[in-house]
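When we follow UniProt numbering, the leftmost residue of the sequence shown carries the number 1, and every step to the right adds one.
Even for Gly, the Cβ is constructed at its ideal location relative to N, Cα and C.
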Amino acid sequence: MAPRRRPLAALRDDLDSLLEDYLSALDDYQHARTTLQQHLKDGYFDLARAKVALGPTRVGPASYDLAERASERIVLCGQLDRASRCEGGGACYLC
Numbered sequence: 001m002a003p004r005r006r007p008l009a010a011l012r013d014d015l016d017s018l019l020e021d022y023l024s025a026l027d028d029y030q031h032a033r034t035t036l037q038q039h040l041k042d043g044y045f046d047l048a049r050a051k052v053a054l055g056p057t058r059v060g061p062a063s064y065d066l067a068e069r070a071s072e073r074i075v076l077c078g079q080l081d082r083a084s085r086c087e088g089g090g091a092c093y094l095c
């Protein structure tokens with residue numbers, strides 16, 4: 001039994017869909033990379049300002065706080081299909 005061939009239009013549609021997915025993923029990657037680059041740049045400027053303000057001997061690699069901290073806190077209480085509400089202090093409650 002010979003393999004079934006798909007129409008050329010269906011193959012083009014599949015390729016278009018795959019290309020669209022690829023370009024969307026590439027756009028997401030470039031946006032995330034730009035955001036990361038800006039955060040790193042801001043961090044280096046903050047570090048440089050601290051070294052100028054406190055002096056190079058007070059701010060060094062031994063005094064960097066490398067502990068990971070959550071930027072936001074999410075508290076789940078009940079069903080997830082209800083609307084979420086976020087309050088100050090970085091806490092979001094999904095109730």
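Shown here, Val59 sits in coil according to DSSP, grouped into three states, outside any helix or strand.
For Glu20 and Lys51, the gap between their C-alpha atoms comes out near 47 Å. One Cα belongs to Asp46, the other to Asp27, and the distance between them is close to 29 Å.
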